[in-house]
């Protein structure tokens, strides 16, 4: 749907578990780390946002957002004479009843323009932001993926609309919100969800540590105990396990003689049976 005054575009969301999808499949939601995907945002098609910028449809608002490297993140919202509309599909999915949803676009250093879950949630703590953005937090959490996010800009009617296209029947979702107490959820977790999806208390995807000290000071023992406790804590192994799961661990001893090539690798000459020399990369 593209004309002089109407611009329409879609963005595909990645496949991952959402809270609503876990309810549909009768997962135990409070036992699973649900982040709705790695990125935590929906991108805005550049041609739509460029059109908004060119015609003065968005304005910059300062909310004091910075990325992890300390770079300033620019925030935009619609100007007053434009209306933001959530489709009935989205409203039914997240059970949104209010009439004044807000919209916040975020642009960071080297990133695409996006609606960001964390920033929408952060605005609740900011008195200078009066935008109702909690709907996006709910949408990101509840949206069964993959799906299509649909953006429609109508310059005649002065509206910016957001819609969604997925294969679930929104109106029937509430029927499965109550989980059946007779179901063996522990068994279902093992059947449906691999161990690395059970990171309930883990705050990091990777844990990297170096223990150092003279021989006999307990380095190996402490490393083993930490791995054991961590894997029990996040659900990779059971609480009574005596050994950790080595599939999730890379463990090595570092010696003073080690060089860059021992860790990363090196290009070494290889001589074949015919005396021909090739230079192949040997991983560290």
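Numbering (the working numbering), first residue to last: 2 to 285. Backbone N, C-alpha and C define an ideal beta-carbon position, used for all residues, glycine too.
Is it the case that the stretch 60 to 79 contacts the stretch 145 to 158, given that we only count it when at least three CB pairs across the two stretches are under 8 Å?
Cβ pair count under 8 Å is below three, so no.
On a Cα-Cα basis, can you pick out the residue from 8, 14 and 7 that is closest to residue 166?
Here residue 166 refers to the residue found at position 165 of the chain shown. The shortest Cα separation from residue 166 among 8, 14 and 7 belongs to 14.
Rounded separation between residue 213 and residue 149 - CA only
As a first step, residue 213 must be located in the chain shown, where it is residue number 212. As a first step, residue 149 must be located in the chain shown, where it is residue number 148. Rounded to whole angstroms, residue 213 and residue 149 show a C-alpha spacing of 50 Å.
Please name the residue, chosen from 160, 232 and 119, that lies closest to residue 7 on a Cα-to-Cα basis.
The count along the chain shown starts at 1 and reaches residue 7 at position 6. Closest by alpha carbon: 160.
Would you say the stretch 257 to 271 touches the stretch 229 to 249, given that touching needs at least three Cβ pairs under 8 Å?
no
Assuming residue 162 and residue 88 form a contact by the criterion Cβ under 8 Å, report the distance between their Cβ atoms to the nearest whole angstrom.
Residue mapping note: residue 162 aligns to position 161 of the chain shown, counting from 1. Residue mapping note: residue 88 aligns to position 87 of the chain shown, counting from 1. Contact flag correct, Cβ pair sits at about 6 Å.
Three CB pairs or more closer than 8 Å across the stretch 42 to 50 and the stretch 116 to 123
yes
Same chain, Cβ closer than 8 Å to residue 172, neighbours up to 5 away in sequence not counted:
Numbered from its first residue, the chain shown carries residue 172 at position 171. Only weak support is given to the placement of residue 172: the predicted model assigns it a pLDDT of 46, under 50, and the value that follows is read from those uncertain coordinates. Taken in chain order, the residues that qualify are 93.
Endpoints, the beta strand (DSSP E) within which residue 76 is located:
In the chain shown, the residue the question calls residue 76 occupies position 75. Note, residue 76: beta strand (DSSP E), 73 to 79.
Integer Cβ distance of residue 101 from residue 139, believed to fall under 8 Å
Position 100 of the chain shown holds residue 101. Position 138 of the chain shown holds residue 139. Actually they do not touch by this definition, with Cβ atoms about 15 Å apart.
Excluding the five sequence neighbours on either side, which residues of its own chain have a C-beta within less than 7 Å of the C-beta of residue 68, listed in chain order?
Residue 68 sits at position 67 when you count from the first residue of the chain shown. Contacts found: 74, 109 and 110.
Start and end of the beta strand (DSSP E) containing residue 60?
Position 59 of the chain shown holds residue 60. Element bounds for residue 60: 59 to 67.
Leaving aside the five residues before and after residue 189 along the sequence, list all residues of the same chain whose C-beta is less than 6 Å from its C-beta, in chain order.
To locate residue 189, count along the chain shown from 1; it is residue 188. Note that residue 189 scores 49 on pLDDT, short of 50, meaning its location in the model is unreliable and no value can be drawn from it.
Excluding the 5 residues flanking residue 136 on each side, which residues of the same chain have their C-beta closer than 7 Å to its C-beta?
Sequence index remark: in the chain shown, residue 136 carries index 135 (1-based). Excluding positions up to five away in sequence, the list reads 87, 95, 97 and 102.
Residues near residue 82 by beta carbon distance below 8 Å, same chain, minus five either side
Here residue 82 refers to the residue found at position 81 when the chain shown is read from its first residue. Contacts found: 159.
Answer with buried or exposed for residue 282, where buried requires no fewer than 16 other C-beta atoms within 10 angstroms of its C-beta.
Mapped onto the chain shown, residue 282 falls at position 281. Residue 282 comes out exposed.
Have a look at the DSSP bridge pairing and note the partners of residue 149.
Stepping through the chain shown from its first residue, residue 149 is reached at position 148. Residue 149 pairs with 13 and 166.
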